[in-house]
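Those protein sequences? They're chains A and B, same order as listed.
Just so you know, we're using this note's numbering here: the first sequence kicks off at 1 and counts up by one.
Just so you know, we're using this note's numbering here: the second sequence kicks off at 140 and counts up by one.
All remarks here apply to the structure that follows.
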Amino acid sequence: MNVKHDFEPKIVSFLCKWCSSAAADLAGVTRLKYQPNAVTIRVMCSSRVDPVHVLQAFRHGADGVFVGGCHPGECHYQVGNYQTRRRVILLHELLSGMGISPARLRLEWISAAEGAKFRNTMNDFIDSVRALGPLALQR
Amino acid sequence: MKKIGVFICHCGGNISNVVDVEAVAEAVGKVPEVAFSTTYDYMCSAPGQDLIKEKASEHGLDAYIVAACSHNLHESTFRGLAKEIGINPYQVEIANIREHDSWVHDDPQKATEKAILIIKSVVEKIRLNEDLWPIQVPVTKKVLIIGAGIAGIQAALDIGNAGYKVTLVERRASIGGHMAQLSKTFPTLDCSQCIMTPRMVEVANHKNIELLTYSEVEDVSGYVGNFRVKIKKKPTYVDPEKCNMCNKCAEVCPVEVDSAHDEGIIKRKAIYIPFPQAIPATYTLDIDACLGLLPIACGECVKVCEPKAIDYDMQPQFVEDEFGAIIVATGYELYPILNLQEYGAGRIPDVINGMQFERLVYLNATTGCGVRRPSDGRVPKDVVFVQCAGSRDPEMHNAYCSRVCCMYTSKHAMLYRSAVPDGQVYVFYIDIRSNGKDYEEFVQRVREDQGVTYLRGKVSKIFQEDGKVVVWGADTLTGKKVDIKTDLVVLATTMVPSPGIRELATKLKLNVDEYGFAQEAHPKLRPVESLSAGIFMAGCVQSPRDIPDTVSHSSAAASKVMGLIASDILERDPIIAKVDEDLCSGCKTCISVCAYDAREFNAAKNVVEVNAARCEACGSCVVACPSGATQQLNFADSQITAMLKAILSEDEHERQARF
């Protein structure tokens with residue numbers, strides 16, 4: 001496989017309106033710099049992220065998918081993030097079976113007050129996906 | 140085909156200094172359904188909005204995107220504008236290219252490419268947006284305030300005086316909070332009780348304020364305008380209607396424990412009144428300290444209570460009520476000395492905190508007992524004050540500045556010197572932060588006192604030796620090591636959020652920061668609102684602040700709340716779940732995932748419908764629906780898929796090069 005050394009991963013991140021997207025806003029307001037590889041789809045709750053969307057993202061060329069939600073017990077919708085957690089666990093199993101590293105799908109809890117955590121998490125995830133290299137899916 | 144306009148904001152350079160906005164306008168202008176794209180300095184300004192209006196009618200736009208700052212700032216501005224133009228507000232979307240792009244990325248080329256992807260993905264969403272109309276819900280014109288310190292009291296009085304009903308909940312036996320504990324207040328040296336107690340009485344007698352002391356919030360459900368709250372009223376075992384405050388019960392009570400109101404400086408009985416001016420004016424039986432609620436265990440208090448006010452069989456009561464808005468005013472506590480290993484971790488009796496010193500001064504002023512140190516009751520001949528104890532110390536303790544300590548320490552120095560005129564004071568400080576009205580003048584007055592020595596530097600260690608407390612520090616102005624043997628050390632410990640704030644925050648869906656302080660919706664522009672609509676904050680629950688700032692903050696929260704409940708109807712976003720009844724098989728999976736009981740089975744049709752008033756629009760039932768019968772309005776699966784594709788779009792040759 002011809003891996004280019006200047007590989008830059010393409011990442012889709014699903015951020016919930018109340019916590020993780022607000023954390024991204026806070027990172028912006030405080031001018032915390034991070035790598036630009038991820039583009040956000042803002043949803044009301046992480047529980048709106050359908051496993052189908054995650055698979056579609058990989059199918060259409062994403063090297064990594066990020067899902068951000070509120071901390072356990074702090075979900076704006078009470079229990080939405082618990083549903084997301086279960087779905088992501090199943091997706092990790094499914095991705096392994098498909099030959100896609102589960103490390104390409106990450107779920108993190110980031111509260112609206114955690115701008116620095118958002119920055120650090122983004123950089124870490126982007127670095128780890130870059131280390132995994134491009135996702136070679138046969139279309 | 141929908142005609143979509145894209146309006147890209149420079150934000151006065153905030154965006155355009157990093158993102159090449161003209162290149163973005165050109166790139167998104169090529170998307171087939173984008174009928175028009177342009178840029179402007181400030182889209183939110185009046186000329187910016189006029190530009191949108193003008194171009195919308197010129198190009199006959201059906202929908203438009205404003206690529207600018209966060210949704211939280213101007214989504215409502217541009218949706219409101221759409222109404223004026225005659226476009227459905229839900230045909231307006233924000234593409235956040237500031238907080239999520241120009242402010243967080245340095246590379247102009249990459250930031251520009253990302254801005255294009257963000258906007259293209261929003262074009263895909265808006266392409267499939269439906270016209271929607273807000274759901275109207277009635278507003279409960281009643282406010283819940285949690286915490287009855289000066290913050291909660293101020294907010295309750297403001298709202299009550301405006302004619303709205305308020306329920307004020309306090310966890311302790313009396314309202315008043317920490318302000319009721321203070322001796323004097325800086326910089327005027329007003330007696331704290333003298334200015335606080337009239338407010339407390341006013342709250343107690345107010346026709347619009349219901350007071351629930353010794354009570355805690357158990358459960359919160361609902362949403363802005365219509366919160367449903369369950370409050371637990373703990374048993375005090377004393378009927379406040381019958382208690383005549385004769386104190387006979389406390390006289391006979393054999394159990395003594397530390398008085399929390401006096402910070403353990405003196406003792407109280409198991410049946411007690413927290414302080415003489417307590418409101419409600421009644422005794423409380425502390426069940427944790429009491430020998431047992433049985434005549435056989437003790438029963439002395441019951442025997443002497445003439446009005447028969449003591450009732451051992453009192454049970455917790457639960458109050459359930461509805462509120463339009465909630466103000467959180469739970470205040471602070473002081474960082475425990477136990478956490479300060481370098482300062483003796485609470486093992487040295489003559490190392491106390493600022494609030495304990497406050498009570499020493501207060502008790503001296505009211506009883507004339509003298510300012511006496513805890514270990515042996517002697518009047519200390521010298522006192523060392525240590526500022527920033529646990530604050531401004533990111534490695535060991537808390538990184539933030541506690542804001543009030545510089546001022547109260549200088550007040551303490553002054554109060555001590557007037558109580559012990561031949562006493563000597565040393566104050567260790569890092570910087571003096573005295574930036575309130577008349578604050579610096581106050582500190583200067585204290586510093587001019589011959590008996591007060593300010594030493595710039597931190598204290599490294601405090602230990603006991605020969606009945607004295609030894610303080611090792613450095614004077615960074617002279618570069619010398621300082622070694623003081625003193626009678627008493629007062630630590631200006633950091634203000635930290637009240638215990639239990641995290642549990643309460645979870646119930647309220649209130650975001651808190653790493654220390655537990657409540658997170659405001661915007662650090663500058665929305666300082667009293669939380670990100671959860673209808674939940675507000677007042678006072679030290681948000682960050683350390685002094686009394687004037689707390690009162691201002693609380694009045695601000697009160698005015699925001701009154702603005703909210705003044706209207707009869709609230710509008711909610713209609714982006715709720717919707718069911719295609721032809722596809723629904725009535726499997727009821729959605730019912731099991733809905734946290735709001737918003738999905739209801741219709742047996743006649745064998746479908747599960749959506750209760751629009753209850754649906755909170757999380758979208759989890761959409762994902763759970765096995766047949767795809769449920770969709771979220773304007774967050775449909777087709778929209779998310781289209782957004783994904785737009786983000787991941789690339790030329791075929793670029794793709795081939797990757798593989």
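We treat Cβ as the ideally placed atom computed from N, Cα and C, and that holds for glycine.
This structure is a prediction, so every number in the text was calculated from the model and none was measured.
Is residue i helix, strand or coil by DSSP?
| i | result |
| --- | --- |
| residue 416 (chain B) | coil |
| residue 341 (chain B) | helix |
| residue 553 (chain B) | helix |
| residue 529 (chain B) | coil |
| residue 291 (chain B) | helix |
| residue 122 (chain A) | helix |
| residue 34 (chain A) | coil |
| residue 237 (chain B) | helix |
| residue 661 (chain B) | strand |
| residue 735 (chain B) | coil |
| residue 701 (chain B) | helix |
| residue 318 (chain B) | helix |
| residue 592 (chain B) | strand |
| residue 79 (chain A) | coil |
| residue 791 (chain B) | Note on residue 791 (chain B): pLDDT 47, under 50, position unreliable in the model; no value is reported. |
| residue 729 (chain B) | helix |
| residue 309 (chain B) | coil |
In the DSSP assignment, find the unbroken alpha helix (DSSP H) run with residue i in it and report its ends.
| i | result |
| --- | --- |
| residue 21 (chain A) | 20-29 |
| residue 15 (chain A) | No alpha helix (DSSP H) contains residue 15 (chain A), which is instead part of the beta strand (DSSP E) from 11-16. |
| residue 277 (chain B) | Unbroken run through residue 277 (chain B) is the beta strand (DSSP E), 274-277; no alpha helix (DSSP H). |
| residue 760 (chain B) | 759-763 |
| residue 168 (chain B) | 160-168 |
| residue 499 (chain B) | 493-506 |
Taking CB distances under 8 Å as the criterion, tell me whether residue i reaches chain A.
| i | result |
| --- | --- |
| residue 211 (chain B) | yes |
| residue 365 (chain B) | no |
| residue 648 (chain B) | yes |
| residue 469 (chain B) | no |
| residue 645 (chain B) | yes |
| residue 257 (chain B) | yes |
| residue 662 (chain B) | yes |
| residue 651 (chain B) | yes |
| residue 271 (chain B) | no |
| residue 611 (chain B) | no |
| residue 734 (chain B) | yes |
Cβ of residue i less than 8 Å from any chain B Cβ?
| i | result |
| --- | --- |
| residue 121 (chain A) | no |
| residue 9 (chain A) | no |
| residue 32 (chain A) | yes |
| residue 92 (chain A) | no |
| residue 24 (chain A) | yes |
| residue 88 (chain A) | no |
| residue 68 (chain A) | no |
| residue 64 (chain A) | no |
| residue 129 (chain A) | no |
For the beta strand (DSSP E) that residue i lies in, which residues bound it at each end?
| i | result |
| --- | --- |
| residue 634 (chain B) | 634-636 |
| residue 388 (chain B) | From DSSP, residue 388 (chain B) is part of no beta strand (DSSP E) but of the alpha helix (DSSP H) over 387-391. |
| residue 285 (chain B) | 281-285 |
| residue 405 (chain B) | Run containing residue 405 (chain B): none; DSSP gives neither H nor E here. |
| residue 153 (chain B) | Counting along the chain, residue 153 (chain B) falls outside any beta strand (DSSP E), and DSSP gives it neither H nor E. |
Distance check for residue j and residue i, CA to CA, integer angstroms please.
| i | j | result |
| --- | --- | --- |
| residue 2 (chain A) | residue 173 (chain B) | In this prediction, residue 2 (chain A) scores a pLDDT of 48, lower than 50, which makes its location untrustworthy; the coordinate-derived value is nonetheless stated afterwards. Near 37 Å, if we compare the C-alpha coordinates of residue 173 (chain B) and residue 2 (chain A). |
| residue 651 (chain B) | residue 639 (chain B) | 12 Å |
| residue 296 (chain B) | residue 338 (chain B) | 8 Å |
| residue 399 (chain B) | residue 315 (chain B) | 13 Å |
| residue 153 (chain B) | residue 11 (chain A) | 25 Å |
| residue 680 (chain B) | residue 767 (chain B) | 44 Å |
| residue 467 (chain B) | residue 708 (chain B) | 23 Å |
| residue 397 (chain B) | residue 48 (chain A) | 52 Å |
| residue 410 (chain B) | residue 394 (chain B) | 8 Å |
| residue 252 (chain B) | residue 163 (chain B) | 8 Å |
| residue 798 (chain B) | residue 8 (chain A) | Its pLDDT being 45, under 50, residue 798 (chain B) is placed unreliably in this model, and the value from its coordinates should be taken loosely. In a straight line, the C-alpha of residue 798 (chain B) is about 13 Å away from that of residue 8 (chain A). |
| residue 547 (chain B) | residue 481 (chain B) | 22 Å |
- Item | Residues in the segment 756-790 of chain B having any Cβ partner in chain A nearer than 7 Å | 756, 757, 758, 759, 761, 762, 771, 774, 776, 779, 780, 782, 783, 784, 786, 787, 789
- Quick one: which residues of the segment 40-59 of chain A get their C-beta closer than 8 Å to a C-beta of chain B? List them in chain order. 40, 41, 42, 43, 44, 45, 47, 48, 49, 50, 51, 52, 53, 56, 57
- Query: Between the segment 153-167 of chain B and chain A, which residues of the former have CB atoms less than 7 Å from a CB of the latter, in chain order?
  - Reply: Taking 7 Å as the Cβ-Cβ cut-off against chain A, none of the residues of the segment 153-167 of chain B qualify.
- Query: If you measure beta-carbon to beta-carbon, which residues of the segment 98-116 of chain A are closer than 7 Å to chain B?
  - Reply: Along the segment 98-116 of chain A, going in chain order, the ones with a CB nearer than 7 Å to a CB of chain B are 111, 112, 113.
- Task: Please list the residues of the segment 241-255 of chain B that have a C-beta atom closer than 9 Å to any C-beta atom in chain A, keeping them in chain order.
- Result: 241, 242, 243, 244, 245, 246, 249, 250, 252, 253
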